[in-house]
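Q: Mapping to full-length UniProt numbering: the sequence shown position 836 is 836, numbers consecutive.
In this text, a Cβ means the ideal position worked out from N, Cα and C, and glycines have one as well.
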Amino acid sequence: MLCLPSGLRFRTQKHSVEPTFHSFVLTKEDGHRTYGFSLVFYEECRNRKICAAMQTLQAMHITELSSGQNGTPPTARKGQDGHNTRSLPRHFKLSAHSPGAALGYYDSIKDKLLVTKSISLLCQQPYLYAAKTFLTNLYKCVPRHPGPGLSLESYVYNILYNVPVPLSGKSLKFFVPNDEPAKLPLELVIYQPSPLLELPMLDYPLKDIFTWLGADCLIQLFTCVLLENQVLLRSADFHKLMVVSECITALLFPFSWQHVYVPILPASLHHFLDAPVPFIMGLHAQSEGGVLKIASEANLCYVDIDKQSSQFPEELPVFPYKMQFITEIRALLNKYKVPHSGKTDNMVINYYNGDIMTSSLTLPGSGFHLPRRKHSLHDVLDWDRPEPEPQSDNLQRTIDKKLVNVDDIDPTEDIMSEKILTPQEEYRETLDFNNAVREIFLNRFVQMFSSYEHFVIQPNEWINNRDSMHVFDKATFLSDQPTPHLPFLSRFLETQMFASLVDSKVMSTWSELDCNIKVFDQRISALKKKVGESIIRSMRYEPYTNITDTQQILKQRLTNVDFETNPPTEILPHRAAYFRSFPLLDNVVLNKEPAQRMLVEKMGSEAVALGHGGESLSDVEENTLVASLCDLLERVWSHGLQNKQGKSALWSHLTMYQESEECNDATKSIDANFLSPALAWSVLRKRLDSKKSPNKFFGIPDRLVSSLRGKSIIEIASYIKENLNDLSNLQLETDVSPTRGTDKYKSPGERKTVGPEHLRPLPDSLIFDIRNVQAMTDIKTHIGYARAWVRLALEKKLLSRHLKTLLSDSALLRSQYKRSAFLRCEEEKEQFLYHLLTLNAVDYFCFTNNYPTTKLPYRVVIFPSRKASAATTSANSWIAISGTLCETNPVPIPKGALEFVFHHKNLGVLSTLRIGHDNTGLSPKWMVEHVVVRNEVTGHTFKFPCGRWLGRGIDDGSTERLLVGALVPRSIDSEELVESCSTPPRCRSPSIPRRPILSQVELQHMLGEAVNAIVKYHYRRECQDGSLTALLCGEGGLVPSLEQIFLFGFKNQRIFGRNFYVWDYFLRVKENFEISLLEEMDEYSQRLNRDRRVYTESSQRFTILRCYCHLIDQINMFSQTLGKDGKFQLFICLAAREQLLHPMLRPMSDARSTADMYEENSFLRNSTLLTFLIHILEPLSEFHIVLEKSLTHGISSIC
């Protein structure tokens, strides 16, 4: 709709088909703008069916016109005569002959049918010049014949993924296509202004608006926008509509337009003009199709940019110091040699008394000849705008115009001495001019409101009188202003843009001050330093004299570029030699993600788990969606509220429900200071209706009960306070409060009574979650509490259930909301809760991932072997847990305890757990089957299978095990979890006993799946870093797969003993490598001079062998507590990080120990299997693998 605002247009080769450029803007509900840029061009339509259909439609149109000519009424025929159709052949004499009439006739045999297409670019910032240059040159770079140059996809890929928005106060150089395919890419520089020192970004040329309108008309239009009138712009060029709209709103700084803003109004949305609100809209001159009816013409500001005519509202006040202001602007226009003839300045002749007259540029430009005022907007809106004249007529008119205006040229200026500027130099001059004009306009506001801070109501006064909503002392401010300025200022102080600025100034006491106001206040401070601190300003006009200061900053930024991107490179392996028309670009190479975004959003988290998502989807998108849900809930809870008691209606309702539930128990105390009148009435009603003790209501006299309706709510609350105890003594039960976990197991006797067989389920009540949120010390506002509660309930899949419980308290609901409120409409409420119930189908971590500094309780339950000799240990044991956000230091396990709670900063989603001991005492050996860790706030439970011994002289001699965790589904209850953890683990973890030997095909498939999972992980760059550990060491991961690979084909164990491990083989290979390095060093040195290639190969081999040996030494040195399986796991992870996995395999196969310890059918001795193994592991060397600290044991990268 905005890329092609006129829709599809058809032309023939007889028309002018030059490409046209325009920009547009998309405004979201929150006011955020996205800028678009479109290049519209014509291309031949080669579809024969479309050409035949066009011919048929043209014949039908001609027949309809010819048949209706005789029956047309005179009045209608007059209108038809005025409209010269371009769709008739020359021999149809329906209207007066025009030289261009035959241009519209289409002959499918002789003519080419052309149709419009568009190339568009969307940006977050309005970089007009860069976007126009990119789109225009991209269209010109379409190869029409074979030759050198980059593909179009290369330029598009470069600007999409390699050109970021510059940082604040920085500039960036990047590359765009040149105007010919064979030329080198063109350099462009963009910048981002510093929000604290400079004016906001404006890339639209202000020169054009002065050329089109003139200074007088611009000031009148500027006045109408300041007073928030309805503004309607009209032009046949969409680009002009956008330029005028953007420039006029940019000149409002430090104020901003707060109302409807549609610079390009599509033809299908003309009914928007009837809106009874202020607006700025742009209307295309050829899209009306008839008489346009617009309401409230008296309040409308209409400007026809092409005809250079205008009409302004009646009784429009004069802008302060208007004539001096225009004089200052004209001086700047003359300095920059901006063309502005006297005709444009006489578009509007406006006397000081506000009498507004309108004149057209086609009339003589005498200042004393005032035409009759047009009484209707339709007199100005000439709907019979003629088509563009032929080129020869336009050229002749331009020559005549130049000849007429020769006398207006200043003879003292030497036109020939003007330097011809390059496009880049013209762009920089445009930025300089924009800055100068905006500084002049800003200076007017600085002079006008230099003392506005003295009239802003102070925050304490505003809080006490917030019902009056007055934050600015308008009467006192106006009393100090000159009398001629009062008509304008009195109206401007009532506008929304002025009220928004003052509100932001008042709210800066509690939040950060808006950047626009900061710049505005800095300019006022600079003015006061220059002229003094007096509140009363001088009556004389003071022009702005410090333009060069800000222009110097701009020049420095554009000259000394801060960042530079790489030039585009070819991304297509085989590009087409040439095209007959603009081609469809290859979306495969332009899409960095493996799946389309829309499909990913439909699939949701399942798509992310399959690797079809990206970083933005798994993190930013989830945060955005949850934040939108929180805003929706706030709007729902704010609807129909009787008295708003806080910034968050949802949190107020939650706390009231909490207090109400706690007050239901007659044994609990109440503090009336925390009871609102509505809540006090609700509590009293509940206790009156209580079935437990209907006759014992703490001795409330019958006369009070009988006269409740006659008493005020304040009296009832006071009576409750006098007769009931203090609410502060109320506490949750010990087994419900998550903060009481450490107090339950202080004595060994108590610990023995609470074993793993009694893993207590986590409470899922609404009060429990409210208490958990209230315990978060890093949240300070009610909005923050409400959002944290929504995130927690959403993550626990209890949001719909909690809200249903909250809304079930009908007494509280009636006391807080009107009958028309959304929450009191039963059908809508049930449907709303049903929709929220569907969110339970997706696993969210919106609470866990967004509060990294919150201290949370974690419950650890250890399931040892049921054998009496392996169930306990005399050693000092510990655990260390790692998650996506951080990891813990070793946490000591209480002696004899199998279950305990510790508090730690939010760990995120848990990934690994290390458990070990110091091997002290009489019986340190310990057999651990599983370890379960539960987040006592979110309820997420992670199961870490072990199934191995901890202790020297047993198993592989390890006193420390690394366990990889898996999230337990919420569908598994505590009893089922305890039962499954009490038996030896079935799933695979790096610490679990070895599986039976698999077949060769099964091993190849298992290793291929493990490598593919790691490759897919790095391509999707998922935010949860802990998942890589699971892919390396978890079930079916790289480590267990390679362990089975190395065990395949191993010779009979009787040759080597009964306790052989893969790590023993690696140690023997290290010995072989060390001997080989010593023996072959001399031989390689002797052959160095003879064969340089041999030197290169031997150098690579030596590097691999040295790195292998060094890794083995480092592991033996830093991992004294690990057993042989743990050391093998550590070696594989470090080798993957150092990109050593596939290079070391061939030297290992050549080692002497390989032939001694493996059969010929093993992967290391069979050449086919070895080649497969090298090729399947080689892709891992393309990625930068980052390991958790729990995996590396402090061993840094060395190779």
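Could you check how far apart the C-beta atoms of Ile879 and Leu913 are, in whole angstroms? I think they sit under 8 Å.
A: Within the sequence shown, the letter at position 879 stands for residue 879. Within the sequence shown, the letter at position 913 stands for residue 913. About 6 Å separates the two Cβ atoms, so the contact holds.
Q: Which residues does DSSP pair with Thr912 in a beta bridge?
A: One-based indexing of the sequence shown puts residue 912 at position 912. Note: Thr912 sits in a beta bridge opposite Ser882 and Val964.
Q: If Phe41 and Tyr106 are in contact, beta carbons under 8 Å, what's the gap, nearest whole angstrom?
A: On the sequence shown, residue 41 is found 41 positions in, with the first residue counted as 1. On the sequence shown, residue 106 is found 106 positions in, with the first residue counted as 1. That belief does not hold up - the Cβ atoms of Phe41 and Tyr106 are roughly 19 Å apart, past 8 Å.
Q: Note the first and the last residue of the continuous beta strand (DSSP E) segment covering Lys943.
A: To locate residue 943, count along the sequence shown from 1; it is residue 943. Taken as a continuous stretch (DSSP letters only), the beta strand (DSSP E) holding Lys943 covers Thr941 to Leu950.
Q: Out of curiosity, what's the CA-to-CA distance linking Arg48 and Leu65?
A: What you label residue 48 is simply residue 48 of the sequence shown in a count that begins at 1. What you label residue 65 is simply residue 65 of the sequence shown in a count that begins at 1. Arg48 and Leu65: Cα-Cα distance of roughly 26 Å.
Q: If you count every other CB in all the chains shown that lies within 10 Å of the CB of Met598, and 16 or more means buried, which is it?
A: Along the sequence shown, one-based indexing puts residue 598 at 598. For Met598, the predicted structure reports a pLDDT of 33, less than 50, and the residue's modelled location is therefore unreliable. A value from the coordinates is still provided. It is exposed - the Cβ of Met598 has fewer than 16 other Cβ atoms within 10 Å.
Q: Less than 8 Å between the CB atoms is what I'm expecting for Pro568 and Pro185, so what's the real figure, rounded?
A: Within the sequence shown, the letter at position 568 stands for residue 568. Within the sequence shown, the letter at position 185 stands for residue 185. Sure, about 6 Å apart at Cβ, within 8 Å.
Q: Return helix, strand or coil for Leu493, following the three-state DSSP convention.
A: On the sequence shown, residue 493 is found 493 positions in, with the first residue counted as 1. Note: Leu493 maps to coil in three-state DSSP.
Q: So, is Asp216 buried or exposed, given that buried needs 16 or more other C-beta atoms within 10 angstroms?
A: Your numbering for residue 216 matches position 216 in the sequence shown. Under this definition Asp216 is a buried residue.
Q: Using C-beta distances below 6 Å, list every residue in its chain close to Leu1191, excluding the 5 sequence neighbours before and after it, in chain order.
A: For the purposes of this step, residue 1191 is taken as residue 1191 along the sequence shown, with counting starting at 1. Taken in chain order, the residues that qualify are Cys1133.
Q: What residues are listed by DSSP as bridge partners for Glu43?
A: Translated into positions along the sequence shown, residue 43 becomes position 43. According to DSSP, which records beta bridges pairwise, Glu43 is partnered with Val115.
Q: Check Ser869 in the structure and name its three-state DSSP category.
A: The residue you call residue 869 lines up with position 869 of the sequence shown. Three-state DSSP puts Ser869 in coil, outside helix and strand.
Q: Tell me the rounded alpha-carbon separation between Glu899 and Asn1161.
A: Stepping through the sequence shown from its first residue, residue 899 is reached at position 899. Stepping through the sequence shown from its first residue, residue 1161 is reached at position 1161. Near 49 Å, if we compare the C-alpha coordinates of Asn1161 and Glu899.
Q: What residue range is occupied by the uninterrupted beta strand (DSSP E) comprising Asp549?
A: Working through the sequence shown from its first residue, we reach residue 549 at position 549. Taken as a continuous stretch (DSSP letters only), Asp549 belongs to no beta strand (DSSP E), being part of the alpha helix (DSSP H) at Ile547 to Thr559.
Q: Any contact between the region 1114–1125 and the region 951–961? By contact I mean 3 or more CB pairs, one from each, below 8 Å.
A: yes
Q: If we count the other Cβ atoms within 10 Å of its Cβ and call it buried at 16 or more, is Asn229 buried or exposed?
A: Counting from one through the sequence shown, the residue named residue 229 turns up at place 229. By the neighbour-count rule (16 or more Cβ atoms within 10 Å), Asn229 is buried.
Q: Taking DSSP as the reference, what is the three-state secondary structure of Glu564?
A: For this step, residue 564 is matched to residue 564 along the sequence shown. In this structure, Glu564 counts as strand in the three-state DSSP scheme.
Q: Which of the three DSSP states is assigned to Ser1167 in this structure?
A: Mapped onto the sequence shown, residue 1167 falls at position 1167. Correct three-state label for Ser1167: helix.
Q: Alpha carbon to alpha carbon, how far is Arg11 from Leu241?
A: As a position in the sequence shown, residue 11 is number 11, starting the count at 1. As a position in the sequence shown, residue 241 is number 241, starting the count at 1. Roughly 24 Å between the two C-alpha positions.
Q: Going by DSSP in three states, Pro126 sits in which element: helix, strand or coil?
A: In the sequence shown, the residue the question calls residue 126 occupies position 126. Note: Pro126 maps to coil in three-state DSSP.
Q: Within 10 Å of its beta-carbon, does Val1152 have 16 or more other beta-carbons around it, so buried, or fewer, so exposed?
A: By one-based count along the sequence shown, residue 1152 stands at place 1152. The sequence shown places Arg at residue 1152, not Val. Arg1152 comes out exposed.
Q: What is the residue span of the alpha helix (DSSP H) that Asp955 lies within?
A: Position 955 of the sequence shown holds residue 955. Run containing Asp955: none; DSSP gives neither H nor E here.
Q: Answer yes or no: do Pro276 and His259 have a C-beta to C-beta separation smaller than 7 Å?
A: Locating residue 276 in the sequence shown gives position 276, where the first residue counts as 1. Locating residue 259 in the sequence shown gives position 259, where the first residue counts as 1. No, the pair does not count as a contact, with Cβ atoms beyond the cut-off.
Q: Among residues of its own chain, excluding the 5 on either side of Asp304, which ones have a beta-carbon nearer than 6 Å to its beta-carbon?
A: Counting from one through the sequence shown, the residue named residue 304 turns up at place 304. The beta carbon of Asp304 sits closer than 6 Å to the beta carbons of Arg234 from its chain, once the five residues preceding and following it are set aside; these are given in chain order.
Q: Assuming the contact rule is C-beta atoms closer than 8 Å, His917 and Thr873 should be a hit. Round their C-beta distance to whole Å, please.
A: Within the sequence shown, residue 917 is the residue found at index 917, counting from 1. Within the sequence shown, residue 873 is the residue found at index 873, counting from 1. Yes, His917 and Thr873 are in contact; Cβ-Cβ is about 6 Å, under 8 Å.
Q: So, Leu1111 versus Gln1044, is the Cβ gap smaller than 7 Å?
A: Your numbering for residue 1111 matches position 1111 in the sequence shown. Your numbering for residue 1044 matches position 1044 in the sequence shown. No.
Q: Is Gly1034 near Val928, with beta carbons less than 7 Å apart?
A: Your numbering for residue 1034 matches position 1034 in the sequence shown. Your numbering for residue 928 matches position 928 in the sequence shown. No; because the gap between Cβ atoms is not below 7 Å, this pair is not in contact.
Q: Give every residue of the same chain whose Cβ lies closer than 7 Å to the Cβ of Val244, excluding the five residues on either side of it in the sequence, and list them in chain order.
A: For the purposes of this step, residue 244 is taken as residue 244 along the sequence shown, with counting starting at 1. Once the five neighbours on either side are set aside, the close Cβ partners of Val244 are Ile209, Leu233 and Ile305.
Q: Within the chosen definition, does the region 947–955 reach the region 889–898 through at least 3 CB pairs nearer than 8 Å?
A: no
Q: Look at the alpha carbon of Gln13 and the alpha carbon of Cys45, and state the distance between them as a whole number of angstroms.
A: Position 13 of the sequence shown holds residue 13. Position 45 of the sequence shown holds residue 45. Roughly 12 Å between the two C-alpha positions.
Q: Here's the rule I'm using: 16 or more other beta-carbon atoms within 10 Å means buried, otherwise exposed. How should Trp1063 be labelled?
A: What you label residue 1063 is simply residue 1063 of the sequence shown in a count that begins at 1. By the C-beta density criterion, Trp1063 is buried, having at least 16 other C-beta atoms within 10 angstroms.
Q: In angstroms, rounded to a whole number, what distance separates the CA positions of Ala52 and Leu114?
A: Your numbering for residue 52 matches position 52 in the sequence shown. Your numbering for residue 114 matches position 114 in the sequence shown. For Ala52 and Leu114, the distance between alpha carbons rounds to 13 Å.
Q: Just to confirm, is the Cβ distance from Leu885 to Gly908 under 7 Å?
A: For the purposes of this step, residue 885 is taken as residue 885 along the sequence shown, with counting starting at 1. For the purposes of this step, residue 908 is taken as residue 908 along the sequence shown, with counting starting at 1. In this structure, Leu885 sits near Gly908, with a CB-CB distance shorter than 7 Å.
Q: Per the contact definition of three or more C-beta pairs closer than 8 Å, is the region 182–196 in contact with the region 556–571?
A: yes
Q: Let me confirm a value: Lys647 is counted as buried when at least 16 other C-beta atoms fall within 10 Å, else exposed. Which label applies?
A: Position 647 of the sequence shown, counted from the start, is the residue given in the question as residue 647. Classification of Lys647: exposed, given that the 10 Å Cβ count is below 16.
Q: Run the CB neighbour count on Val437, radius 10 Å, all protein chains shown included, and call it buried at 16 or more, exposed below.
A: The sequence position of residue 437 within the sequence shown is 437, counting from 1. With 16 or more other Cβ atoms within 10 Å, it is buried.
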